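As structure tokens, the structure follows; a few thoughts come after it.
4 protein chains.
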Amino acid sequence: MSRPKQTFRLSLAYNSSYTDLALEVREQLVYGGQREIPGVAFREKRMGRLTISEVDIFSPEGAKAMGKPMGRYITIEAPGLKNRDRALVQEVSQQLTDQLVTLMNIPPTASVLVVGLGNWKATPDSLGPKVINRLLVTRHLHDYVPRELAGRLRAVSAMAPGVLGTTGMETKDIIEGICAKLNPDLVIAVDALAARSVDRIITTVQLSNAGIHPGSGVGNRRAGLNILTLGRPVIALGVPTVVSAITIALDSIDALTDYLQRQGHNYGFLEALSDQQKRQLIYEVLDPMGANLMVTPKEIDMYIEELAVILSGALNAALHPGISEEQISQYIM
Amino acid sequence: MSRPKQTFRLSLAYNSSYTDLALEVREQLVYGGQREIPGVAFREKRMGRLTISEVDIFSPEGAKAMGKPMGRYITIEAPGLKNRDRALVQEVSQQLTDQLVTLMNIPPTASVLVVGLGNWKATPDSLGPKVINRLLVTRHLHDYVPRELAGRLRAVSAMAPGVLGTTGMETKDIIEGICAKLNPDLVIAVDALAARSVDRIITTVQLSNAGIHPGSGVGNRRAGLNILTLGRPVIALGVPTVVSAITIALDSIDALTDYLQRQGHNYGFLEALSDQQKRQLIYEVLDPMGANLMVTPKEIDMYIEELAVILSGALNAALHPGISEEQISQYIM
Amino acid sequence: MSRPKQTFRLSLAYNSSYTDLALEVREQLVYGGQREIPGVAFREKRMGRLTISEVDIFSPEGAKAMGKPMGRYITIEAPGLKNRDRALVQEVSQQLTDQLVTLMNIPPTASVLVVGLGNWKATPDSLGPKVINRLLVTRHLHDYVPRELAGRLRAVSAMAPGVLGTTGMETKDIIEGICAKLNPDLVIAVDALAARSVDRIITTVQLSNAGIHPGSGVGNRRAGLNILTLGRPVIALGVPTVVSAITIALDSIDALTDYLQRQGHNYGFLEALSDQQKRQLIYEVLDPMGANLMVTPKEIDMYIEELAVILSGALNAALHPGISEEQISQYIM
Amino acid sequence: MSRPKQTFRLSLAYNSSYTDLALEVREQLVYGGQREIPGVAFREKRMGRLTISEVDIFSPEGAKAMGKPMGRYITIEAPGLKNRDRALVQEVSQQLTDQLVTLMNIPPTASVLVVGLGNWKATPDSLGPKVINRLLVTRHLHDYVPRELAGRLRAVSAMAPGVLGTTGMETKDIIEGICAKLNPDLVIAVDALAARSVDRIITTVQLSNAGIHPGSGVGNRRAGLNILTLGRPVIALGVPTVVSAITIALDSIDALTDYLQRQGHNYGFLEALSDQQKRQLIYEVLDPMGANLMVTPKEIDMYIEELAVILSGALNAALHPGISEEQISQYIM
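Shown next as structure tokens:
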């Protein structure tokens, strides 16, 4: 009988370097030698200090290769974010707002439910709930605002449903129940992600129209938040806040084997080092806590606060384009 | 055009001393001279340092007189709770567990959803969410625990749905959606209450099988959490954490008029002081913040933590009678 | 043997309407019929939506009449602050920065220790510690910043010493020990205040060069933070966040007696209602928690966050005039 | 010009596996082949599910070899703590209380200042401040408690001084200033530690009479909290909450080289893999965040709360042996 590790949602296997970023999955395949991934298109452009990339998974073959559902995955990379550069924060916010507007593709009257996934009691997992705290929620205001404002005021609702380990309920079931009752036109799910590379922590934002699967990138599509389960489009918005400790360990081993091979010390046995053997080595280093260990910056509490400001600001701007925050906030409270 | 004051849920009218406690509503009627309230039965007993009382509203006439839905309202009063007396905390916990078991009246296999009402970002309103944080949630564990344990393990789920001002959604709608999807046999709603008398703050626990109406004791029954709206029984559990500032002002005026009358200074005009005139006086003292002002102990942050421990402990004991917290907690995490 | 109520610092007597605002003390004396207060000068001017007033206590006679130490007390009143108006926040910030610069009156090289008084675990008392959290602290950076920046970078240090009930030590003793060791040129003490009038809660900022006496406005000067105890000038900066429940009760009684007198119902006994009798009445309404009850807006948690942003922003601007926050923040972390 | 990374205190070098535990330093030396460490004595005993060990550094030679000041380092290891076993928590608490009493070795009238080191805004570093929150502080109560209690009531004060990055002041300077003013007979410093081995995270408590050096185990003795700097004995009490990501990476590389050598693949080059080369490899894996990355359990927020309960409970019991928590708590508040 095994114990369910369900308070936290990352269930990281010992045999792979897990990532929630489609960009990194593609990189792994490409670095693995695969030039073209059938069913997957990729574009990248530099905009000042930002790099915007798009991974389009447009066929079931592509989805299988990538281990992610079909759809568009947009990544905004801004390595300078870790230096708390305000001008850069402005650029990221503007770019994120624009990408959200394009990806949502909804009329001004469409109603939106924003869902903050994650556990607000576990710092690196608390990004979703903290974004929810800062949203301009308007669904309940229609009867109170002046008529000329009401016409332009999108009905936005928001909630942080908690995680399986603290609610006893699948997040999908909670959101499905609420959608059935309140019928929003679109769902936006905000979540903290796991990356493969430490330099993407807190410097990368991923948007997607493919929905989200809390707790895993691969698993059963029926348990995720997407158009199939919720009956309406689901936009996912996330930022990596952790890397699995297993990833660090695997990468270190790979760095050594690469190094030895570069030095000409390859007598065949290094190539033959199987995944099973690597797993065993890492198990020795990380056991017994292994899969529950995460790598995160010491300053993660502060970074989470800053990211919550950036993401909520972009969401507010994208959801209420015709109205200033000032105008709305007079009717809130 | 008025602004909705919906971030916080107490909407206190200027013309009455609002209370969520059935015990206090009854007191007001009785002190008002009404010996017998038709449709309402009352019982009270002392148990050591506790006073246990029951208000039974058993007819529509009683419900109208009391301004509360029909049902049983049980109050445990323990004035010593404000002194942080551990032995007393034990007595209250045991009594609360017993009363919960009796009021729930469910078989061991019945599933329960516990709902923590209130705004966790507003200290005196955060009791519900803080109780949820400490609950032993088990609904998701059935497939993981040993068979002999599973048979005795009640499926308990829990959530803190937030408040209208921060979600844009009526709490009732959120819980209705979740109940329709997950079908618990019973709902327990935990909430911070408003009292009329300052000495009931943090010293009194009210349980009821009449459900709860977040934000008011009187309003529209269709907007509350009860068997009509949720399709299953709803137990309400709450503790007063605030008194309206308006109540303090009104009581002070009443204390003066009582005093003057006792002193023989009654020339008729004091009796003639209308509610309208009292309202006007209080408006002068409290305006412009009036209805948003609450009276609470300086130590409320600490009291809320202690109450969350007491209430969650009693709920855990009442919901999982056959199993120790130890046994369950090995499967949680 | 009485119990010390020292976790929280407001020890409010039953016989007076306590206020930390010099402006309100003066109002009480003036409304009490005193046209001129010897030893006290008063000036007031409107600046847009702000009212700036100065109370100068310039003689021991004035200090005795006011119950406050000699010095200048500046008040910025902005009733609109409770509506969360951003343009107004900008005006208050700018005005507060200007007043701080004038009141501090120090050369660019003078070092400053900012002290956040109050209990961060009690929401309305947590303003001081929350301001400290947002300060640009620079004392330790001198060896790391570029030479041209170092010349203009004031050495600012900061701390939240806690309260007597949680440390067991007088705040004055802690700060005195630190000053003796680290020798700052100026101390700034930030604190949450108690007002007499509810409409000054969160809408008024008081600055003073007279220092501060944590826990009371009157008491022993040797226990306060001031030039006598710390050996260097002390600027006090505070915002009222609570009114004593006793004040509300007293004001309500006064409102009724005023009303009755205005209605011609004065048969002498109302004037004769002594302070002792009023105290007794209030004791009936508020007992047994009386002196520990405070009146505060339901949204106080949110207001405290907003005030911490305003005060820390003004302090940062006043303390580091030649350098942008951007420039400093790159060296912090 | 380099930036000071001083908000957080662990400054981990790339070339070593850093640990705050004397036990682990000794292990590294012993596993490195050194049977006897001159100037260091070691004892270990099993007590039920606990392992108690003592490292005594009794000569300057031993201090140099260990990189730690002379003194006694006691370690209580309880691997089961990560399973939240309540009976085990009791055993650890009792053992910790006993060891504290022995190590403090003070008369009942000696006064104690407890210092909670670390940054309460950074979860894994917040253990010290959280312990302080739960201490029974009594120094200010002497005049209020009954005479017969006062004779047995030790004067305990407590404070969380913050960290250099948020105060601008060295912790040592703050505590030195306070000690000079208030003159406690003993200082106890509580801190979160870094371990080398992941299975010691949250399962090991270290006590020492050698004082503590916030931010490093080796550095300048004049900057630490010890009898030389504070002029009175300093007991250190800590629990590891993180491992450096660099340690994980180094250990993974070492695990691979060990494995290859065990497999007979040793052609000499593996032994020749210098520390410099390993550093370079790890720099590739972890750059650019490297030294700021920490490895910690996903559930660290919860573990910190539980550890704060254990440590504060043991401190309260050790500091107030003749008086129950009940008796004291009636006088607090």
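Line by line, the protein sequences are chains H, E, B and G. The first sequence begins at 237 in the numbering used here and counts up by one. The second sequence begins at 237 in the numbering used here and counts up by one. The third sequence begins at 237 in the numbering used here and counts up by one. The fourth sequence begins at 237 in the numbering used here and counts up by one. Quick reminder that beta carbons are idealized off the backbone N, C-alpha and C, glycines included. In this text, all values refer to a predicted model and were calculated from it rather than measured experimentally.
Tell me where the beta strand (DSSP E) around residue 535 of chain H begins and ends.
From DSSP, residue 535 of chain H is part of no beta strand (DSSP E); its letter is neither H nor E.
Going by DSSP in three states, residue 422 of chain E sits in which element: helix, strand or coil?
Residue 422 of chain E falls in the strand class under three-state DSSP.
Buried or exposed for residue 312 of chain B, going by 16 or more other Cβ atoms inside 10 Å?
Label assigned to residue 312 of chain B: buried.
Check the C-beta distance from residue 359 of chain B over to residue 373 of chain G and give it rounded, since I have them as a contact under 8 Å.
That pair is no contact at about 21 Å.
Taking only the alpha-carbon atoms, compute the straight-line gap between residue 436 of chain H and residue 476 of chain H and give it to the nearest angstrom.
If you take the alpha carbons of residue 436 of chain H and residue 476 of chain H, they lie about 7 Å apart.
From residue 267 of chain H to residue 368 of chain B, what does the alpha carbon distance come to, in whole angstroms?
Near 48 Å, if we compare the C-alpha coordinates of residue 368 of chain B and residue 267 of chain H.
Are the stretch 419 to 426 of chain G and the stretch 348 to 356 of chain G touching by the rule of at least three beta carbon pairs closer than 8 Å?
Contact holds: three or more Cβ-Cβ distances are below 8 Å.
In chain E, what lies closer than 7 Å to residue 360 of chain H by C-beta?
None at all; the shortest Cβ gap to chain E is about 17 Å.
Any beta carbon from chain B within less than 8 Å of residue 488 of chain E's own beta carbon?
Yes, residue 488 of chain E counts as interfacial toward chain B.
Nearest-angstrom Cα distance between residue 635 of chain B and residue 287 of chain B?
For residue 635 of chain B there is no data in the structure shown, the boundaries of chain B being 237 and 569.
Using a Cβ-Cβ distance under 8 Å, would residue 397 of chain E count as near chain H?
Chain H, which has a Cβ nearer than 8 Å to the Cβ of residue 397 of chain E, makes this yes.
Examine chain E for any beta-carbon lying closer than 8 Å to the beta-carbon of residue 291 of chain H, and answer yes or no.
No - not a single Cβ of chain E is within 8 Å of the one on residue 291 of chain H.
In the DSSP assignment, what are the bridge partners of residue 278 of chain H?
For residue 278 of chain H, which the question treats as bridged, DSSP gives the partners H:291.
Looking at residue 304 of chain G and residue 293 of chain G, is the spacing between their C-beta atoms short of 8 Å?
Yes; because the gap between Cβ atoms is below 8 Å, this pair is in contact.
Mind pulling the alpha helix (DSSP H) runs of 4 or more residues that sit fully within the stretch 327 to 369 of chain H?
The stretch 327 to 369 of chain H contains these whole alpha helix (DSSP H) runs: 363 to 369.
Pull out every residue of the stretch 406 to 417 of chain G whose Cβ sits closer than 7 Å to any Cβ of chain B, in chain order.
Answer in chain order: 409, 410, 412, 413, 414, 416, 417.
Taking residue 374 of chain G as the query, report the chain B residues whose CB atoms sit under 7 Å from its CB, ordered along the chain.
Going along chain B in sequence order, the residues near residue 374 of chain G (Cβ under 7 Å) are 404.
Counting only Cβ-Cβ distances shorter than 8 Å, please list the residues of the stretch 528 to 548 of chain H near chain G, keeping chain order.
The residues in question are 528, 529, 530, 531, 532, 533, 534, 535, 536, 537, 538.
Any Cβ of chain G within less than 8 Å of the Cβ of residue 520 of chain H?
Yes, residue 520 of chain H counts as interfacial toward chain G.
Suppose you measure from the CA of residue 272 of chain B to the CA of residue 309 of chain B; what does that come to, to the nearest Å?
The straight-line gap from Cα to Cα measures roughly 17 Å.
Could you confirm whether any beta carbon from chain G is found closer than 8 Å to the beta carbon of residue 452 of chain H?
The predicted model places residue 452 of chain H with a pLDDT of 47, which falls under 50 and marks its position as unreliable; any figure quoted below should be read in that light. No, residue 452 of chain H lies away from the interface with chain G (no Cβ there is under 8 Å from its Cβ).
What does residue 357 of chain G reach in chain H if we use C-beta pairs closer than 8 Å?
What residue 357 of chain G touches in chain H: 537, 538.
Under a three-way DSSP split, which group does residue 315 of chain E fall into?
In this structure, residue 315 of chain E counts as helix in the three-state DSSP scheme.
Measure the Cβ-Cβ separation of residue 399 of chain G and residue 462 of chain G and say whether it is below 8 Å.
It is not a contact, given that the beta carbons lie outside the stated cut-off.
Residues of chain B with CB under 9 Å from residue 517 of chain E, in chain order?
By Cβ distance, chain B contributes 488, 491, 492, 494, 495.
To which residues of the same chain is residue 485 of chain E closer than 7 Å at the C-beta, ignoring the five residues directly before and after it?
Closer than 7 Å at Cβ, skipping near neighbours: 518, 521, 522.
Does the beta-carbon of residue 375 of chain G have 16 or more other beta-carbons within 10 angstroms, so that it is buried, or is it exposed?
Buried.
Per DSSP, what are the beta-bridge partners of residue 539 of chain B in this structure?
Per DSSP, none; premise fails for residue 539 of chain B.
Do you know offhand how far residue 428 of chain E's Cα is from residue 543 of chain H's?
Spanning the two alpha carbons is a distance of roughly 32 Å.
Buried or exposed: residue 395 of chain E, going by 16 or more other Cβ atoms within 10 Å of its Cβ?
Under this definition residue 395 of chain E is a buried residue.
So, is the C-beta of residue 426 of chain G closer than 8 Å to a C-beta in chain H?
No, residue 426 of chain G lies away from the interface with chain H (no Cβ there is under 8 Å from its Cβ).
Assuming residue 540 of chain G contacts residue 366 of chain G (C-beta within less than 8 Å), just tell me the rounded distance between them.
Contact holds; Cβ gap of about 6 Å.
In chain order, what residues of the same chain lie with their CB nearer than 7 Å to the CB of residue 455 of chain B, ignoring the 5 residues before and after it?
Below a pLDDT of 50, predicted positions are generally treated as unreliable, and residue 455 of chain B, at 38, falls in that range; no measurement from the model is reported.
Under a Cβ-count criterion, where at least 16 other Cβ atoms within 10 Å of its own Cβ denotes burial, should residue 390 of chain B be classed as buried or exposed?
Buried, since its Cβ has 16 or more Cβ neighbours within 10 Å.
Identify each residue in the stretch 465 to 487 of chain E for which the Cβ-Cβ distance to at least one residue of chain B is less than 9 Å, and report them in chain order.
Those would be 478, 479, 481, 484, 485, 486, 487, in chain order.
Considering Cα atoms alone, identify which of B:364, B:430, B:387 is closest to residue 407 of chain B.
Looking at the Cα atoms, B:364 is the closest of the given residues.
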